[in-house]
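Written out below as structure tokens is the structure these notes cover.
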Amino acid sequence: MKEAPAAGFQQTLGDPRLQLAIYSATRRLIDHRASAVDAAHLPDYQELRTRANEIKKHTIENLDYYLEQLESNVVAHGGQVVFCRSGEEATDFVLGLAKERGARLIVKSKSMTTEEIHFNERLERHQLEAVETDLGEYILQLAHQRPYHIVAPALHLTRYDVADLFSKTLGVEKEVVPENQTKIARAALREKFLKADIGVTGANFLVADSGAVVLVENEGNARLSTSAPKIHIAVAGIEKVIPRAQDLGVFLDLLGRSATGQPLTVYTSFLSGPRRAGEIDGPDEFYVVLLDNGRTKLLRDPEKRQSLYCIRCGACLNHCPVYRKIGGHNYPWVYSGPIGAIITPQFHGITEDGWLPFASSLCGACAEVCPVKIEIPKLLLKLREEVTQAKQREGSGGAERWAFRMWAWMMTHPKMYRLLARVGAWFAPVLPKIGPLRSWARQRELPAIPSRSFHQLWAERRRP
Amino acid sequence: MTAREQILGDVRTALGRAGSRTPPALAAPLLRISQTDRNLRTRLFVQNLEKLSGKVILAPNAASATQAIQNILAGQPAVASNAPFLATCGVTSLPNVRSGFTDREALREASSTAVIGITSADYALAETGSLVLLSSPLEARLISLLPPVHVAVFPRSRILANLDELLRAVPLPAEQTSSMVLITGPSRTADIEQILVRGVHGPGEVYAVIVEDS
Amino acid sequence: MPRVSLFVTCIVDQLFPQVGIAMAGVLERLGYQVDAPEAQTCCGQPAFNSGYPEEARTVARHFLNVFRDAEYVVVPSGSCTSMITHHYQEIFLQEGKRLEEAHGLASRVWEFSRFLLEVAQVEDVGARFEGVVTYHDSCHALRELRIKDGPRRLLAKVQGLTLCEMEAAEECCGFGGTFSVKFPEVSGAMARTKIDSIRNTEASAVVSIDSSCLMQLQGAIQRAGLGIRTMHLAEVLASR
Chain A
3 MKEAPAAGFQ QTLGDPRLQL AIYSATRRLI DHRASAVDAA HLPDYQELRT RANEIKKHTI
63 ENLDYYLEQL ESNVVAHGGQ VVFCRSGEEA TDFVLGLAKE RGARLIVKSK SMTTEEIHFN
123 ERLERHQLEA VETDLGEYIL QLAHQRPYHI VAPALHLTRY DVADLFSKTL GVEKEVVPEN
183 QTKIARAALR EKFLKADIGV TGANFLVADS GAVVLVENEG NARLSTSAPK IHIAVAGIEK
243 VIPRAQDLGV FLDLLGRSAT GQPLTVYTSF LSGPRRAGEI DGPDEFYVVL LDNGRTKLLR
303 DPEKRQSLYC IRCGACLNHC PVYRKIGGHN YPWVYSGPIG AIITPQFHGI TEDGWLPFAS
363 SLCGACAEVC PVKIEIPKLL LKLREEVTQA KQREGSGGAE RWAFRMWAWM MTHPKMYRLL
423 ARVGAWFAPV LPKIGPLRSW ARQRELPAIP SRSFHQLWAE RRRP
Chain B
12 MTAREQILGD VRTALGRAGS RTPPALAAPL LRISQTDRNL RTRLFVQNLE KLSGKVILAP
72 NAASATQAIQ NILAGQPAVA SNAPFLATCG VTSLPNVRSG FTDREALREA SSTAVIGITS
132 ADYALAETGS LVLLSSPLEA RLISLLPPVH VAVFPRSRIL ANLDELLRAV PLPAEQTSSM
192 VLITGPSRTA DIEQILVRGV HGPGEVYAVI VEDS
Chain C
431 MPRVSLFVTC IVDQLFPQVG IAMAGVLERL GYQVDAPEAQ TCCGQPAFNS GYPEEARTVA
491 RHFLNVFRDA EYVVVPSGSC TSMITHHYQE IFLQEGKRLE EAHGLASRVW EFSRFLLEVA
551 QVEDVGARFE GVVTYHDSCH ALRELRIKDG PRRLLAKVQG LTLCEMEAAE ECCGFGGTFS
611 VKFPEVSGAM ARTKIDSIRN TEASAVVSID SSCLMQLQGA IQRAGLGIRT MHLAEVLASR
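Protein chains in written order, with the working numbering: chain A, 3 to 466; chain B, 12 to 225; chain C, 431 to 670.
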């Protein structure tokens, strides 16, 4: 079982510039969200959350039905659905299609699902260029880094980092003004959009009754990726489906507000099939790649399957005091923060990243802001239990298990508890700082042990 | 076994059933449509689009709308969609405005060099300041996307209260179009240090020219 | 007057006994008959939060046995109260009889500040405390028990006391039980952020209704060599 990346923690915690970048960016996102969901701006916010949760629950519990409905409606509008068990199958499909059509260049709009399956790297190995077109993702692609945050992928980089990066990789003069940096990216990417053979996107929602892919974004890169090239491929997890177009009101009202505080993002595209007869532009071919890649595994547990309700708004990251300290790259997978802490062990196996569910103070800030009401702290506890059980099977974690057993025994034998606690207290000054005490003392002073416990004082107080 | 069969099978197994079944009824969609007053809608639309740095022109009639657009154009090259409303207003006959595209390549070429793209809007949403465009032979996608400036001209009667009213008016967009897009202000990003920059890949300037219904 | 049983929690019993005494003093002054069952130990939360529900259940059963007949149980902790009133329902899900018992007990278990306001129905307990304090919302009290204004209302009635809100009042102090020793660097950094926010007020003391948070904050405050006091609400309300 892997341990937490202590060195990575130390590096992030010890970098004041990085700490400031994370802290101020998340602070801004917290404030934006807060003023977008308050009673004055969204009086029925709590009702919307409840509805969103109900719709997600219903859909996930009837996922097979809605996937089939989605499929038949995609086909009815001239598109195709490709079911893929793994990331490999998904990239193989794209590679095969690209080869058949003689495609060389792919433009991509921000998608966590394609990050999850290392789509770009796989394509590059086959001499197929895949260019990220979301500004943040483009910067990260040039820097060969993975997203730091679900919604704000380059949150950890400053404009000076971007200036260095652009000058090194694009051969432009050093430019530190974000507006001009954006212009540089726009010009470089515009050319790609017009030359691209295929546009690859994710999907924020898949609408079963319409066979549609819904994309929300602010820059226009998703619109360009789905409008300029002759082929549009949407790669989406099977959990992204919702039953009806009319359910979008609930989800769109929550998604933008929870993510960035926007009532609606600049562009909301509702895409169903290739261009119709007479439509002047738009793709000639339209594919929806439905990816499993472990999702059916998550579905098995009736309680934990709610992890699949996530609409990737990133609010839980912004509000998580742990994410705000350790940042995105210390999480082992592309999904970071509280949602990452609950889905990563479920995707990768509980024994792989067993430390993740423990890296939380269980403060509950995440659950409070989750627009679809995923009970994150409850799932963290469930996963903690599974990790301790897995450790037992593996034959590790014995000391801790023993300690908790002893503790439980002591706590059910009050006389022994009092006696041992007092013996401990007498020896406190001379006890070496071991185990948890030493960990504590690395960062904080130990509390002074009082000469008498409450129960001793209480007994004295009662004595006539 | 195909991937499709396996995934659907795995889903059913995980959910504890052998075959497919029709799900229990789901509560009717929640559509919250608040204000209906025309003037209030217009006022809200203007307010909300302006908050996003969009610009709004209220034109009492077609002629003044066309005049306003001519001022925006200031002689720069523009492309216009095939929406009949634009022709009715006389926008398509303004100098430097190219319109009537039916060929994808020609449209792409013209749109990528034009400074201004002129479209109509099928609907507008008051509560968010959004323009709603349904792709069709009359409205191409790229005109509102490639040029750095987007001008949408539409009659005032097309302003709906909000997204929910749109979803009531168009419950199944896929029946009508391959693409329905909601445009809420100019293209923007905050990807570098959360600093707001307008005009990334889409237009950095958005105008709504609202024409009083005759 | 009804009888009130104190569940002082293990942490107050062993490390902050004066908090329990202060709480008893306030309740007695209001006329309650106060007892503190000797067999009490812990609510079981440490095991519950660490992935050992069986051990937590064992300790929770003990808790039920000790407090089964109590008229009111008053607790100087939001976190332990929430464990009993919320999480015992999960813990005893498979034990029909215990579940019923836990359910019945839940309505009689009160976090201290809430007991004062909702059962005793007092805001002014006649306390006097000279100085500026700031209030730390402990996470489980805030998010599981929805305790936000109550302690502030009680503090507002303390003579001589000025409450100065910090910006990050609702942010976690970083304690989190075993989290504080499993991830000491992260936990410590969280405490320091909180302390920065406390320092931005004029407060000479930080007040909370959870001694565990206060232990975390006190440890970090001392390490930083600062002169800010940490006080449980009961200690403030017992001052005169």
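Here a beta-carbon is modelled for each residue, glycine too, at the ideal position from N, C-alpha and C.
Report back the beta-carbon spacing between A/Leu-448 and C/Gly-657 to the nearest angstrom; my notes put them in contact at under 8 Å.
Contact flag wrong, Cβ pair sits at about 19 Å.
So A/Ser-271 is in the beta strand (DSSP E); what residue range does that whole segment cover?
269-273
Between A/Asp-33 and chain B, is there a C-beta pair that is closer than 8 Å?
no
Identify which residue in B/Leu-171, B/Asn-173 and B/His-161 has its Cα closest to the Cα of B/Ala-219.
B/His-161
Hey, could you find the ends of the beta strand (DSSP E) B/Pro-166 is sitting in?
160-166
Counting only Cβ pairs nearer than 9 Å, list the residues of chain C close to A/Ala-238.
By Cβ distance, chain C contributes nothing, its closest Cβ being about 32 Å from A/Ala-238, past 9 Å.
Give the DSSP bridge partners of A/Thr-203, in chain order.
A/Ala-236
Which residues does DSSP list as the beta-bridge partners of B/Leu-136?
B/Ser-141 and B/Leu-171
Going by DSSP, what residue range makes up the alpha helix (DSSP H) through C/Leu-584?
580-586
Contact under 8 Å by Cβ, B/Leu-136 with B/Leu-178
no
Under 9 Å Cβ-Cβ, which residues of chain A neighbour C/Val-456?
Those do not exist, as C/Val-456 stays about 14 Å from chain A at its closest Cβ, beyond 9 Å.
Which of the three DSSP states, helix, strand or coil, is assigned to A/Arg-148?
coil
Could you check whether the Cβ of B/Ile-206 sits closer than 8 Å to any Cβ belonging to chain A?
yes
Strictly under 8 Å for the Cβ-Cβ distance: is C/Tyr-482 near chain A by that measure?
yes
With burial defined as no fewer than 16 other Cβ atoms inside 10 Å of the residue's Cβ, what is the status of A/Leu-22: buried or exposed?
exposed
CB-CB under 8 Å to C/Thr-564, same chain, minus the five flanking residues each way: which ones, in chain order?
Leu-593, Cys-594, Glu-595, Met-596, Ala-599, Ile-628, Thr-631, Ala-633, Ala-635, Val-636 and Val-637
The beta strand (DSSP E) spanning B/Ala-66 covers which residue range?
One point to set straight first is that residue 66 of chain B is Lys, not Ala, in the sequence displayed. Looking at the DSSP string, the run of the beta strand (DSSP E) that includes B/Lys-66 is 66-70.
Closer than 8 Å by C-beta to A/Ser-169: which residues in its own chain qualify, once you throw out the five before and the five after it? Chain order, please.
Glu-175, Lys-176 and Glu-177
Quick one: which chain B residues come within Cβ less than 9 Å of A/Phe-85?
Thr-13, Ala-14, Arg-15, Glu-16, Gln-17, Ile-18 and Leu-19
Do A/Ser-1 and A/Gln-348 have their C-beta atoms within less than 8 Å of each other?
No answer is possible for residue 1 of chain A: the residues shown for chain A start at 3 and end at 466.
For C/Asp-626, three-class secondary structure by DSSP:
helix
Could you tell me the alpha carbon to alpha carbon distance between B/Asp-21 and C/Glu-665, rounded to whole angstroms?
58 Å
In whole angstroms, what is the alpha-carbon distance linking A/Asp-1 and A/Thr-414?
One cannot answer for residue 1 of chain A here, as it falls past the ends of chain A, which runs 3 to 466.
Please list the terminal residues of the continuous alpha helix (DSSP H) segment that includes C/Val-555.
Per DSSP, C/Val-555 belongs to no alpha helix (DSSP H) and is neither H nor E.
Nonlocal neighbours in the same chain, by C-beta distance under 6 Å from B/Leu-183, ignoring five residues either side:
none
Taking DSSP as the reference, what is the three-state secondary structure of C/Ala-486?
helix
Got a sec: does the ligand ZN put a non-hydrogen atom nearer than 7 Å to the Cβ of A/Ser-274?
The ligand ZN is not part of the structure shown, which contains no ligands of any sort.
Let me make sure I understand the geometry here. Which of C/Ser-543, C/Ala-532 and C/Gln-589 has the alpha-carbon closest to that of C/Ser-507?
C/Ser-543
Can you tell me which of the three DSSP states B/Met-191 falls into?
strand
Can you pull the chain A neighbours of B/Ala-38, defined as C-beta to C-beta under 9 Å?
Arg-53, Glu-56, Ile-57 and His-60
Just mark C/Val-555 as buried or exposed, buried being the case when its beta carbon has 16 or more other beta carbons within 10 Å.
buried
Among residues of its own chain, excluding the 5 on either side of B/Arg-209, which ones have a beta-carbon nearer than 7 Å to its beta-carbon?
Ser-64, Pro-197, Ser-198, Arg-199 and Gly-215
Counting only runs that start and end within the region 467-527 of chain C, where is the alpha helix (DSSP H) found for 4 or more residues in a row?
475-478, 483-497, 508-512 and 518-521
Tell me whether A/Trp-428 is buried or exposed, calling it buried when 16 or more other Cβ atoms sit within 10 Å of its Cβ.
exposed
Where do the ends of the alpha helix (DSSP H) carrying A/His-321 lie?
317-321
Separation of A/Gly-89 from A/Leu-250, as counted between CA atoms:
28 Å
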